[in-house]
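Numbering (our numbering), first residue to last: 1425 to 1989. First up is the structure itself, then whatever we jot down about it.
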């Protein structure tokens, strides 16, 4: 498959990845801190949810655990995950785009994907919803190959089985992704139905393929469920799912509540993905773009642009698979709506199909422009060298434009720091996510690191788990974030469990976070410091009995254990 990536595609992919290199210097956000702490617990022989708590399905925690084991417990090692995953996403993306839009479109996908992936915020990268794009794109490729093969044949069954395996892996990133697996199944059934039109319909072969798909999913799903059930993980996951359902349901109280959650994020998504969305929609919105696509199918255009004059066989097959692409997009949109938050990371699974559409449109527009120039510029004559030069000049414009979009967010921001002209703390001040400022997390982690030993514990009442990870400390209880202990979404017994554990742990320092107003997480308009005083008396009593108010650092109120010098 890699052999099919031509030199132009490799150049564009390499350009995008080189421009993305500064993401290695990105700080960790809240979620990345949660994943990292659970990964450390796994590496120490613990279990997700049981020994360290979060609300995501377990795939992301084990990915983090492997990455830390291979490259170390540092933010740089974790940020490398996106750069490691990207080339393996581009391989199936190239094949799918070539099938749907031809060779030229496939080349553009090699640049558009890294541009719009790596311009995501530091809080959105290295996420469950971003890294899931890797198995997701391969699953779509497997579905495409299964449909490309003759119904019921051995290749079709192998690809269907592979698609089932990959779909099950996708679901272990988030259970909502069952919608994605359903989309692949419906697209395949629809394709087979169309292919059998006008011919005797052999539903037995389709049923065998469906069985292969389900078998692939069960191969992954059943052993995982048995393991999780035997270790108590499954019951915790079900409890968490009930609480998360209430967490999402609060946005559906009214249309006004829904838009209050989604509005800002929809606007930001338009601001962030605007060029991509306009390109993807241009064939639908513009008659000129449709004319451009028709021109691509004519021999005159292929001769003028240097193509073979014959459509790629994979593209002819791909024309039959538009339901696969549109159902992929539909599943992604439903996924965003169900979660009802519109967070930046929730949109990322939509990126690959949008890149396919945008790349096809871009290739069509550029080919139409070439045709116009060749038709009206007589001095070019039939000279192949002159025409090649024009093609390169036309291609250079979008290359420069999209490269600038990515470089602005990566190299332009990081260069003063990388060149030694800016301190790390000054660089990190640029990274803000709600109340979280990365420079404050860095400062707090360094303060703790100077006063503790690696492997000691710390308790943070708030939602700042990245501080514990960066300081090399263990969260003192499995509840590394406060929202599991706020309100009535989760079992009230957890509050007593948390305090009982703290009586045994007695970490040297306790951090209480203030000014962290997160009603979409806690269900309350109060910050963590106020919630502690008003709603969690047992924890407040434990804190006052065992600790003295020591100092404060930014929005961290630091308590020190009594009797320690």
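Heads up, the beta-carbon is just placed ideally off N, CA and C, and yes, glycines get one too.
- Look at residue 1881 here: in three-state DSSP terms it is strand.
- When secondary structure is reduced to three states using DSSP, residue 1919 falls in the helix class.
- Counting C-beta pairs closer than 8 Å gives three or more between the stretch 1907-1920 and the stretch 1941-1953, which meets the contact rule.
- Checking the DSSP bridge columns, you'll see residue 1937 partnered with 1980.
- At the C-beta level, residue 1793 and residue 1818 come within 9 Å of one another.
- Closest in C-alpha terms to residue 1977, from the list 1985, 1922, 1876, 1867, comes 1867.
- In the three-state reduction of the DSSP assignment, residue 1975 falls in the strand class, which pools E and B.
- In this structure, the straight-line span from the alpha carbon of residue 1498 to that of residue 1452 is close to 10 Å.
- Put simply, the backbone Cα of residue 1666 is about 10 Å away from that of residue 1660.
- Burial is judged here by how many other beta carbons sit within 10 angstroms of a residue's own beta carbon; residue 1969 has fewer than 16 and is exposed.
- Non-local beta-carbon contacts of residue 1656 in its own chain, meaning distances under 7 Å to residues more than five positions away in sequence, involve 1474 in chain order.
- Residue environment analysis places residue 1461 among the buried positions, since at least 16 neighbouring C-beta atoms fall within 10 angstroms of its C-beta.
- Secondary structure of residue 1461 (DSSP, three-state): helix.
- For residue 1647, the three-state secondary structure derived from DSSP is helix.
- Counting of Cβ neighbours within 10 angstroms places residue 1581 among the buried residues, the total reaching 16 or more.
- Residue 1927 sits away from residue 1906, with the two beta carbons spaced by 9 Å or more.
- Burial state of residue 1491 is buried, judged by a 10 Å Cβ sphere holding 16 or more other Cβ atoms.
- Three or more Cβ pairs closer than 8 Å define a contact, and the stretch 1541-1556 falls short of that threshold against the stretch 1572-1586.
- As DSSP reads the structure, residue 1857 sits in a beta bridge with 1860.
- Here the C-alpha atom of residue 1448 lies approximately 16 Å from the C-alpha atom of residue 1511.
- For residue 1570, the enclosing alpha helix (DSSP H) begins and ends at 1557-1572.
- Rounded to whole angstroms, residue 1954 and residue 1507 show a C-alpha spacing of 40 Å.
- For residue 1942, the three-state secondary structure derived from DSSP is coil.
- Excluding the 5 residues flanking it on each side, residue 1432 has same chain C-beta neighbours closer than 7 Å at 1531, in chain order.
- If you look at residue 1515, you'll find it in the alpha helix (DSSP H) that goes 1499-1525.
- Under the three-pair Cβ rule at 8 Å, the stretch 1556-1565 counts as touching the stretch 1585-1596.
- The Cβ neighbour count for residue 1840, taken over all protein chains shown within 10 Å, is under 16; the residue is labelled exposed.
- Taking 9 Å as the cut-off, the beta carbon of residue 1533 is found closer than this to the beta carbon of residue 1518.
- When DSSP states are grouped into helix, strand and coil, residue 1888 belongs to the coil group.
- Non-local beta-carbon contacts of residue 1943 in its own chain, meaning distances under 7 Å to residues more than five positions away in sequence, involve 1949 in chain order.
- By the Cβ criterion, the stretch 1853-1871 is in contact with the stretch 1546-1553, since at least three pairs of Cβ atoms, one from each stretch, lie closer than 8 Å.
- Shown here, residue 1840 sits in a helix according to DSSP, grouped into three states.
- In the structure shown, the three-state DSSP call for residue 1482 is coil.
- According to DSSP, residue 1472 shares a beta bridge with 1476.
- Between residue 1776 and residue 1555, the C-beta gap is not smaller than 9 Å, which leaves the two residues out of contact.
- Relative to residue 1680, the option among 1765, 1983, 1825, 1843 whose CA is nearest is 1765.
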